[in-house]
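>
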Amino acid sequence: MEIQTETLKEPPDAGKKKVIVDLVKVNKFYGLNHVVKNLNLSIYEKEFLSILGPSGCGKTTILRLIAGFEQATSGEIFVEGQNIKEKEPFQRNVNTVFQSYALFPHMTVYDNIAYGLKMKKVPKDEIRKRVAKAITMVRLEGFDLRYPVQLSGGQKQRVAIARAIINNPRVLLLDEPLGALDMKLRKQMQIELKSLQAYLGITFVYVTHDQEEALTMSDRIAVMNAGILDQCDKPEEIYDRPATRFIADFIGETNLFECVAELEKDGIAYLYCEAGDLLGKSEGYDPNEIVYVSVRPEKMKCSPAAVDGFSLGGIVRENIYLGNIIKTIINLTNGQAIKINTPVGAKIPQAGSVQYVYWDIKDAVMIYTPSVNKIIEQLSATNIPIGQTRV
Ligand SMILES: Nc1ncnc2c1ncn2[C@@H]1O[C@H](COP(=O)(O)OP(=O)(O)OP(=O)(O)O)[C@@H](O)[C@H]1O
Ligand SMILES: [Mg+2]
0 MEIQTETLKE PPDAGKKKVI VDLVKVNKFY GLNHVVKNLN LSIYEKEFLS
50 ILGPSGCGKT TILRLIAGFE QATSGEIFVE GQNIKEKEPF QRNVNTVFQS
100 YALFPHMTVY DNIAYGLKMK KVPKDEIRKR VAKAITMVRL EGFDLRYPVQ
150 LSGGQKQRVA IARAIINNPR VLLLDEPLGA LDMKLRKQMQ IELKSLQAYL
200 GITFVYVTHD QEEALTMSDR IAVMNAGILD QCDKPEEIYD RPATRFIADF
250 IGETNLFECV AELEKDGIAY LYCEAGDLLG KSEGYDPNEI VYVSVRPEKM
300 KCSPAAVDGF SLGGIVRENI YLGNIIKTII NLTNGQAIKI NTPVGAKIPQ
350 AGSVQYVYWD IKDAVMIYTP SVNKIIEQLS ATNIPIGQTR V
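Just so you know, we're using numbering that gives the first Met the number 0 here: the sequence shown kicks off at 0 and counts up by one.
#1: Would you list the one or two residues that DSSP bridges to residue 146?
#2: Please check the pair residue 356 and residue 321, which I expect to be a contact at CB under 8 Å, by giving their CB distance rounded to whole angstroms.
#3: With a 10 Å radius around its C-beta and 16 neighbouring C-beta atoms as the bar for buried, classify residue 144 as buried or exposed.
#4: Pull up the DSSP beta-bridge partners for residue 116, would you.
#5: How should residue 163 be labelled, buried or exposed, when 16 other C-beta atoms within 10 angstroms of its C-beta is the threshold for buried?
#6: Excluding five sequence neighbours on each side, which residues of the same chain lie with their C-beta closer than 7 Å to the C-beta of residue 176?
#7: Is the segment 284 to 293 touching the segment 238 to 258 in the sense that three or more CB pairs, one from each, lie closer than 8 Å?
#8: Check whether the Cβ of residue 58 lies closer than 8 Å to any heavy atom of ligand 2, and answer yes or no.
#9: Are residue 203 and residue 158 touching if we call contact CB-CB under 9 Å?
#10: Let me check you understand the geometry: is the CB of residue 61 closer than 8 Å to at least one non-hydrogen atom of ligand 1?
#11: What residue range does the alpha helix (DSSP H) around residue 124 cover?
#12: Apart from the five residues just before and just after residue 181, which ones in its own chain have a Cβ nearer than 8 Å to its Cβ?
#13: Are residue 271 and residue 277 touching if we call contact CB-CB under 9 Å?
#14: Give me the Cα-Cα distance between residue 340 and residue 302, rounded to the nearest whole angstrom.
#15: Who are the near neighbours of residue 56 in its chain, counting only those whose CB is closer than 7 Å to its CB and skipping five residues on each side?
#16: Just verifying my parser: in three-state terms, what is the DSSP assignment at residue 4?
#17: Quick one: is the Cβ of residue 206 within less than 8 Å of any heavy atom of ligand 2?
#18: Which class does residue 293 belong to by DSSP, given the choice of helix, strand or coil?
#19: To the nearest angstrom, how far is the alpha carbon of residue 122 from that of residue 112?
#20: To the nearest angstrom, how far is it from the Cα of residue 252 to the Cα of residue 282?
#21: Name the residue from 313, 228, 319 whose alpha carbon lies nearest to the alpha carbon of residue 347.
#22: Quick check: residue 37 and residue 26, are their CB atoms within less than 9 Å of each other?
#23: Going by DSSP in three states, residue 234 sits in which element: helix, strand or coil?
#24: Enumerate in chain order the residues of its own chain whose CB-to-CB distance from residue 365 is below 7 Å, with the five nearest sequence positions on each side excluded.
#25: Where residue 21 and residue 118 are concerned, what is the direct C-alpha to C-alpha distance, given to the nearest angstrom?
#26: Let me know the secondary structure DSSP gives residue 345 once reduced to three states.
#27: Which ranges does the beta strand (DSSP E) cover as unbroken runs of at least 3 residues, wholly within the segment 24 to 72, from first to last along the chain?
#28: Apart from the five residues just before and just after residue 59, which ones in its own chain have a Cβ nearer than 7 Å to its Cβ?
#29: Quick one: what's residue 255 bridged to in DSSP?
#30: Using the Cα positions of residue 248 and residue 256, report the straight-line distance between them to the nearest angstrom.
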């Protein structure tokens, strides 16, 4: 069982921002399947927040809970300060864009976008004005009379967005909205969506399992791991300081070492793993505790002789040319494949040669999950109720 102390951080300027969606201790069960686990998440006004995680980790379920298509098993959800239990989905200032677009095939672009307003019996003149504005916003002028079948994937996507923003929602929920598009259009739409969000000034809660998409588009990313929110932070924080082993592995490429702490001296932790000895930052580990060390390929170095404190030897399997970098793969004695990225032009080790890998201590991320006894000790010292710790 993985034990975690609280890793969720408020953004530094949180004090100034207004919370628009607040999930408080939200749990969702489908039968015995615990799909969302004690989720605490505050989403801020005008923020672009991505929910990122592998398939089945609960991303869509969280959107459906906020939209009101599902009820939480326990916990509370507030939108603009109001508990949404008291409101029907259509009464909430929230709208959803689905991956499948869900356009009506027998209706034109204009009628698809106008549909919600017609249902609400908004006067015709106002409908015309608002649809025209929405069409301009998503840059679909001249497409009013086309049917969905006459549109490209990206254009259908824009109709779906126009339809979702027509009611001026404060929050737009987007469930993998670019999933069906090819890579080129996807990249283009990412930029469009990001600038549309800034232009509209509404909060986007954007679900994706594509880490690159989340890193490039988001103000903050909430990373989900099997129903648990592992970390919610700015993209650079998630990349540079992953809070858990799962995130270190899931976001970007990394070299991960499962280590046992030996001793600590002068701010340095002496550690060992299956392949040998290594050094890390000292963060108060007790001897024999498990510590994970994550080193990005661009921070990893190698040398033909062992460097002080490190004894991770191996053989260079290959050098792979990747355009602007060369990726060197070194197989350590325990079989672990180490990846090193070097800019083209810099010196690289020969395939088949013996090399020792090492790094600057400051460049390694230490991932530490304290023992149960230590957590209980810490909690009793700070008077935090034990229920607030994720176990
Ligand atoms: N209506 C439902 N009834 C029962 N189980 C469900 C239901 N909807 C989702 N689940 C289960 O809940 C878990 C989370 O599903 P969810 O759709 O939220 O995942 P996701 O992160 O959106 O995945 P994906 O990236 O594949 O879309 C899965 O195990 C799924 O099978
Ligand atoms: Mg989903």
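Backbone N, C-alpha and C fix where the C-beta goes; we use that ideal spot for every residue, glycine too.
This one's a predicted model, so the numbers in the text were calculated from it and none came from an experiment.
From the atom records:
#1: Within the sequence shown, the letter at position 147 stands for residue 146. Answer by DSSP bridge pairing: none, since residue 146 is not bridged.
#2: Counted from its first residue, the sequence shown places residue 356 at position 357. Counted from its first residue, the sequence shown places residue 321 at position 322. With a Cβ gap of about 19 Å, residue 356 and residue 321 do not count as contacting.
#3: Here residue 144 corresponds to residue number 145 of the sequence shown, with the count starting at 1. By the 10 Å Cβ count, residue 144 comes out exposed.
#4: Within the sequence shown, the letter at position 117 stands for residue 116. Per DSSP, none; premise fails for residue 116.
#5: As a working mapping, residue 163 is identified with position 164 in the sequence shown. Looking at its Cβ environment, which holds 16 or more other Cβ atoms inside 10 Å, residue 163 is buried.
#6: Sequence index remark: in the sequence shown, residue 176 carries index 177 (1-based). Contacts found: 96, 98, 156.
#7: yes
#8: Stepping through the sequence shown from its first residue, residue 58 is reached at position 59. Yes, ligand 2 has a heavy atom inside 8 Å of this Cβ.
#9: Translated into positions along the sequence shown, residue 203 becomes position 204. Translated into positions along the sequence shown, residue 158 becomes position 159. No, they are not a contact pair.
#10: If you number the sequence shown from 1, residue 61 lands on position 62. Yes, the beta carbon of residue 61 sits closer than 8 Å to at least one heavy atom of ligand 1.
#11: As a position in the sequence shown, residue 124 is number 125, starting the count at 1. It spans 123 to 136 - the alpha helix (DSSP H) in which residue 124 sits, taken as one unbroken run.
#12: Taking the first residue of the sequence shown as position 1, residue 181 is located at position 182. Closer than 8 Å at the Cβ level, and outside the excluded window around residue 181, lie 152.
#13: By one-based count along the sequence shown, residue 271 stands at place 272. By one-based count along the sequence shown, residue 277 stands at place 278. Yes, they are a contact pair.
#14: Translated into positions along the sequence shown, residue 340 becomes position 341. Translated into positions along the sequence shown, residue 302 becomes position 303. When rounded, the distance between both Cα atoms is 14 Å.
#15: Here residue 56 refers to the residue found at position 57 of the sequence shown. If we look at residue 56 and ignore the five residues flanking it on each side, its Cβ neighbours are 223, 224, 225, 226.
#16: Here residue 4 corresponds to residue number 5 of the sequence shown, with the count starting at 1. Below a pLDDT of 50, predicted positions are generally treated as unreliable, and residue 4, at 40, falls in that range; the measurement from the model is reported next regardless. Residue 4: coil per DSSP, three-state reduction.
#17: Mapped onto the sequence shown, residue 206 falls at position 207. Result yes, Cβ under 8 Å from ligand 2.
#18: Position 294 of the sequence shown, counted from the first residue, corresponds to residue 293. In this structure, residue 293 counts as strand in the three-state DSSP scheme.
#19: Here residue 122 is taken as the residue at index 123 of the sequence shown, counted from 1. Here residue 112 is taken as the residue at index 113 of the sequence shown, counted from 1. Approximately 15 Å between the Cα atoms of the pair.
#20: The sequence position of residue 252 within the sequence shown is 253, counting from 1. The sequence position of residue 282 within the sequence shown is 283, counting from 1. Approximately 24 Å, taken between the alpha carbons.
#21: Translated into positions along the sequence shown, residue 347 becomes position 348. Ranking 313, 228, 319 by Cα distance to residue 347 puts 319 first.
#22: For the purposes of this step, residue 37 is identified with residue 38 of the sequence shown, where counting begins at 1. For the purposes of this step, residue 26 is identified with residue 27 of the sequence shown, where counting begins at 1. Taking 9 Å as the Cβ cut-off, residue 37 and residue 26 qualify as a contacting pair.
#23: By one-based count along the sequence shown, residue 234 stands at place 235. Reduced to three states, the DSSP call for residue 234 is helix.
#24: As a working mapping, residue 365 is identified with position 366 in the sequence shown. So the qualifying residues of the chain are 279, 280, 282, 290, 292.
#25: In the sequence shown, residue 21 corresponds to position 22, counting from 1. In the sequence shown, residue 118 corresponds to position 119, counting from 1. Going from the Cα of residue 21 to the Cα of residue 118 covers about 29 Å.
#26: As a working note, residue 345 is residue 346 in the sequence shown. Here residue 345 sits in coil by DSSP.
#27: 32 to 43, 47 to 51
#28: For the purposes of this step, residue 59 is taken as the residue at position 60 of the sequence shown. Contacts found: 174, 206.
#29: Position 256 of the sequence shown holds residue 255. For residue 255, which the question treats as bridged, DSSP gives the partners 293.
#30: Here residue 248 corresponds to residue number 249 of the sequence shown, with the count starting at 1. Here residue 256 corresponds to residue number 257 of the sequence shown, with the count starting at 1. Between residue 248 and residue 256, the C-alpha separation is close to 11 Å.
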